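Please read the structure below before turning to the comments.
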Amino acid sequence: MNSWSPERQRGALLERWPQLLEERPRAEERRELPPLPNVDRFREVRTRFAPNPDGPLHLGNARPVVLCHEYARRYDGSFILRYEDTSPDVKAPILEMYDAIMEDLRWLGAEPDEVYHQSDRLELYYRYARRLIDLGAAYVCTCPPERFRELYMRGEACPCRGLSPPVHLDRWEGMLGGRYRKGEAVVRIKTDLRHPNPAVRDWPALRVATAPHPRVGTRYRVWPLYNFSCAIDDHEMEVSHIIRGKEHEVNTVRQRYLYSHLEWEYPEVLSVGRLSLEAGVLSKSRIRAGIEAGIYRGWDDPRLGTLMALRRRGIQPEAVRMLMIEIGPKGVEAKISWDNIAALNRRVVEPRANRYFFVDEPTPLWIEGLETELRARLPLHPDHPERGVRTLEVEPSGGVARLLIARRDAERLRPGSRVRLMGLLNLEVSEVNDVIEASPLPGGHVEAREMGLPFIHWLPEGVGVEAEVVIRRLQGEGPRRAPMPEGGGGLRRPVRALRLREDRRPQPPRRLLRPSITLL
RNA sequence: GCUCCGGUGGUGUAGUCUGGACAAACAUAACGGCCUUUCGAGCCGUUGAUCCCGGGUUCAAAUCCCGGCCGGAGCACCA
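The C-terminal residue of the first sequence carries number 522 in my numbering, and the numbering is unbroken.
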């Protein structure tokens, strides 16, 4: 049948199963999250986001955040924020980041319903550690790490493993009391020494860490490792669905052992792929190194992929949410392109943003033969006339009006070129030197359109607000200056960011205060 | 090295589990048209993919099986 011609196939179908040939309705798709698995296992859908406060949130974190929050909202459940600040030695928490993370969440529209700090919960972890040791499900290992590694790689138990719970309880008290120094003892959870993945075998749960903690100082010298505190908290907090990065897949396997020791039921797990940015840095450690080396100006440096930086570049939180929902909860990695963020963001911003001119690298343009004052009245938003207009006045002196246009526009002009200054008038260029000289042409925008003239942005000389283009097109060209509107907040294109220079801000008449952005 | 994932237009993804209406969807980009917001606004349209390669199963394969090749992640007393 497949060797038949398409026509013959179609004919046969038409004859026998005409319904098969009906037009499929084109799904007007607004991408939505798939339903969460096994929701009825739980009395409430509870999701959690559990960052280490050693840096602000970045786009990669936004994936679990948005998914967790979105699902919690959709099932009328709860969204939990849990600071995982249990590594004063290796990934020391930074005090300011607790608030910074909260601010990032609020910005994203993901206000948590409950907030916890693991550094407040040490006693809880200690209780469970003791219980597990008592149960014989955990033990205090005093082997040097290299020695232990050697053994477990071969699937063999270390000498500590077989000792009785009372011995280990004593060792445990020793850990707390200071008998062991950093690195000398670690609590391990018993798993399967012949597990195919060596990383799963008798994994470490608590260790001695003596660096002062920014929140609780030196009150504790034994700190839980990620898998221990995370596993216990997920149970204690009645988390129903864990949405975590794929890099935690092994950890899920590890934690299941703990759950079975304690006879708990493990939550549902969704492993999402990691996000990367087509250009722009997401790694916290790389960012910090860059800041320290003076490459970046701070956590919100626009070249970075932090939420702070995106915010500063005018990316709207709705755009980030849309992006994350579009990417969804799948296990696949996703490389985010700025074009996509920009497109989403434009959709969000387009109706909100009023329009202004942007004169990039201002270049003088003189209009000669102008006797009367001209006034351009441009709508703040072409689709929303009710928002009013902005007015730019051009006052010639001695028949000459001095304006500024962007260098990129200026470079395309030759003697004889014709352009339209948007909202003002049509011009013909007479001379191109340091200054471009031009004279008015009759006709308005209709004629300009008919003649196919380029419409360009412009400003009267001395008007406008100066701004710095911090980056452009991701390449981080050196900062440049250009007149910009105050507030620069209408920015939509992520490939650029602008910063107003306080010291250079001119004081134009009030009505001209925000004369220059388009950038849209 | 070991263990997992992936390879679909220029780019990012959907579809693959449960083979058939997929001569392949969406977004972005590029190009063209429209528009008193050119170059980075908006709207409309066009272009663009022999679904990594080879073999197999089947009436039928992007989808299932086998073998390659390429890419990514994990393998801490970090989270």
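Just so you know, even glycine gets a beta-carbon here, dropped at the ideal spot from N, CA and C. All figures in this text were calculated on a predicted structure; none of them were measured in a lab.
Open item on the list: Looking only at its chain, what residues have a beta carbon closer than 7 Å to the beta carbon of residue 284, apart from the 5 residues adjacent to it on each side?
Closed with: 60, 61, 62, 278, 307
Task: residue 286 burial status per 10 Å Cβ neighbour count (16 or more: buried) - done: buried
Open item on the list: Need the endpoints of the alpha helix (DSSP H) that residue 125 sits in, please.
Closed with: 124–136
Task: Beta carbon of residue 428 nearer than 7 Å to that of residue 401 - done: no
Open item on the list: Just checking residue 179 against the ligand NAD - is the residue's beta carbon closer than 6 Å to any of the ligand's heavy atoms?
Closed with: Only the bare structure without any ligand can be found here, which leaves the ligand NAD out of the picture.
Open item on the list: For residue 311, tell me which candidate among 106, 97, 76 has the shortest Cα-Cα distance.
Closed with: 106
TODO: May I ask you to verify whether the segment 67–75 touches the segment 88–104, counting CB pairs closer than 8 Å and requiring at least 3?
DONE: no
Open item on the list: Assuming contact is defined by CB atoms lying nearer than 7 Å, are residue 242 and residue 48 in contact in what I supplied?
Closed with: yes
- [ ] Assign residue 270 to one of three DSSP states: helix, strand, or coil.
- [x] strand
Open item on the list: Our contact map puts residue 301 next to residue 58 with C-beta atoms below 8 Å; I'd like the distance itself, whole angstroms only.
Closed with: 5 Å
- [ ] Using DSSP bridges, identify the partner residues of residue 462.
- [x] 405
- [ ] Quick one: grab the DSSP three-state call for residue 114.
- [x] coil
Task: Element boundaries [beta strand (DSSP E), containing residue 143] - done: 140–143
Open item on the list: Helix, strand or coil, according to DSSP, for residue 467 in the structure here?
Closed with: strand
Open item on the list: Relative to the C-alpha of residue 268, which candidate in 407, 255, 181 has its C-alpha closest?
Closed with: 255
Task: Opening and closing residue of the beta strand (DSSP E) in which residue 301 lies - done: That residue, residue 301, is in no beta strand (DSSP E); it is neither H nor E in DSSP.
Open item on the list: With three or more beta-carbon pairs closer than 8 Å as the criterion, would you say the segment 225–242 touches the segment 169–183?
Closed with: no
Task: For residue 378: DSSP bridge partner residues - done: 394
Task: Selected residue, minimal CA-CA separation from residue 209, among 192, 219, 231, 185 - done: 185
- [ ] Using 10 angstroms around the beta-carbon of residue 524, count the other beta-carbons present and answer buried if the total reaches 16, otherwise exposed.
- [x] In the structure as shown, the chain starts at 3 and stops at 522, and residue 524 therefore has no counterpart that could be examined.
Open item on the list: Tell me which residues share the same chain as residue 434 and place their Cβ nearer than 7 Å to its Cβ, disregarding the 5 neighbours each side in the sequence.
Closed with: 415, 416, 417
Task: Ordered list of beta strand (DSSP E) runs contained in the segment 157–210, each at least 3 residues - done: 188–191, 206–210
Open item on the list: For residue 341 and residue 158, I'd like the C-alpha separation in whole angstroms.
Closed with: 53 Å
TODO: Please name the residue, chosen from 190, 144, 125, that lies closest to residue 137 on a Cα-to-Cα basis.
DONE: 190
Task: Beta-carbon proximity list for residue 368, same chain, < 8 Å, skipping 5 on both sides - done: 402, 403, 404, 405, 437, 438, 439, 440
- [ ] Closer than 6 Å by C-beta to residue 52: which residues in its own chain qualify, once you throw out the five before and the five after it? Chain order, please.
- [x] 84, 86
Open item on the list: Residues in the same chain with beta-carbon distance under 8 Å from residue 258, minus the five sequence neighbours each way, listed in chain order, please.
Closed with: 268
Task: Residues near residue 177 by beta carbon distance below 7 Å, same chain, minus five either side - done: 142, 187, 210, 224
Task: residue 231 versus residue 127 - alpha carbon distance - done: 7 Å
- [ ] Mark residue 88 as exposed unless 16 or more other C-beta atoms lie within 10 angstroms of its C-beta, in which case mark it buried.
- [x] buried
Task: Ranges of the alpha helix (DSSP H) found wholly within the segment 216–247, counting only runs of at least 4 - done: 228–238
TODO: Look up residue 428 in the DSSP assignment and say whether it is helix, strand or coil.
DONE: strand
Task: For residue 38 and residue 72, the rounded distance between their alpha carbons - done: 11 Å
Task: Residues bridged to residue 422 [DSSP beta-bridge criterion] - done: 428, 457
Open item on the list: Restricting to runs no shorter than 3 residues, where is the beta strand (DSSP E) found entirely within the segment 320–386?
Closed with: 336–338, 364–370, 376–381
Task: beta strand (DSSP E) segment containing residue 85, residue limits - done: 80–85
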